[in-house]
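The opening residue of the sequence shown carries number 215 in my numbering; numbering runs sequentially from there.
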Amino acid sequence: MKREFEVEVVHRQRAVYRVCAPDRKAAEQQASERWRRGEPSDVPGYEWSELVSCTAHPAPDPERVRQDVELVYRFLTERERLIQQIGGDPFNPSANDAISAAQVAADLGWLRPEDSGGVTADDARATEALEQLCTARRAVCFARQRMRNRERGEIRLYCTPEYLEQLSSDHEVIEPQVV
215 MKREFEVEVV
225 HRQRAVYRVC
235 APDRKAAEQQ
245 ASERWRRGEP
255 SDVPGYEWSE
265 LVSCTAHPAP
275 DPERVRQDVE
285 LVYRFLTERE
295 RLIQQIGGDP
305 FNPSANDAIS
315 AAQVAADLGW
325 LRPEDSGGVT
335 ADDARATEAL
345 EQLCTARRAV
355 CFARQRMRNR
365 ERGEIRLYCT
375 PEYLEQLSSD
385 HEVIEPQVV
């Protein structure tokens with residue numbers, strides 16, 4: 215009998231770019247931006263990708279997924295209520311107003327064992343629950359470019375539609391005052 219698995223593949227990549235820049239730091243920054251956009255290497259033969267790890271975990275049963283979805287929804291709504299209660303600023307939305315799947319997994323204590331014997335946050339479990347909430351329109355998702363220097367691509371962030379609507383309506387009704 216075949217079983218369903220979730221398999222995480224981790225790899226390292228190398229690309230070489232030719233850039234014109236005033237100094238080394240600017241050249242590195244330009245090359246990093248090209249890499250984040252996923253541009254191919256300018257120098258043939260130097261681009262490579264190396265497999266670091268490949269780990270399979272049994273896929274969860276439907277009942278656990280349903281429970282995860284409800285738990286994540288309660289977590290999102292409580293988190294947003296607390297942000298507003300302790301002084302969330304509707305005029306200056308920040309990265310704290312929406313949350314990534316990795317942060318949800320870490321905050322809920324969802325861990326996955328690693329082959330090395332350690333544990334890591336179970337991002338896949340949180341992502342599955344968040345994406346189901348988005349499909350059911352109980353959460354909304356948007357993407358932004360990753361901010362850290364050694365990352366590329368976009369990161370998906372999540373919040374409830376009610377929270378997003380409140381931020382938008384508060385921001386439109388009352389103009390912030392410049393001091």
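For glycine and all other residues, C-beta sits at the position ideal for the given N, C-alpha and C.
Asked                                                                                           : Found
V224 vs L265 beta-carbon contact at 9 Å                                                         : yes
Of the listed residues K239, T291, E222, nearest to T374 (C-alpha basis)                        : T291
Within the region 278–328, ranges of the alpha helix (DSSP H) (whole runs, at least 4 residues) : 315–322
Which listed residue (R232, V318, E376, D337) has its alpha carbon closest to that of E253      : R232
Pick from R248, K239, R370, G259 that is closest to R317, judged by C-alpha positions           : In the sequence under discussion, the amino acid at residue 317 is Gln, which differs from the Arg named in the question. Residue R370 is the option with its Cα nearest to Q317.
Span separating the alpha-carbon of D202 from that of V257                                      : Summary: the structure shown does not reach residue 202, with the chain confined to residues 215 through 393, and so no result is reported for it.
Per-residue DSSP class, three states only, for A353                                             : coil
Terminal residues of the alpha helix (DSSP H) in which R248 lies                                : 238–250
Nearest candidate by alpha-carbon position, reference R217, set I300, H271, V230, S330          : H271
First through last residue of the beta strand (DSSP E) which encompasses S263                   : 262–272
CA-to-CA distance, G259 to D237, given in whole angstroms                                       : 26 Å
For A335, the nearest candidate out of A343, E342, W324 (CA to CA)                              : W324
Residue(s) in a DSSP beta bridge with P368                                                      : At residue 368 the sequence reads Glu, which differs from the Pro that was named. According to DSSP, E368 bridges with Q359.
CB-CB length for W249 against A235, believed under 8 Å                                          : Actually they do not touch by this definition, with Cβ atoms about 15 Å apart.
Proximity to S267 [Cα-Cα], best of D311, S330, R358                                             : S330
For R226, the nearest candidate out of W262, R351, A343 (CA to CA)                              : W262
Cβ pair D282, A350 closer than 9 Å                                                              : no
Span separating the alpha-carbon of D311 from that of E345                                      : 18 Å
Cβ neighbour criterion (16 or more within 10 Å) applied to I313                                 : buried
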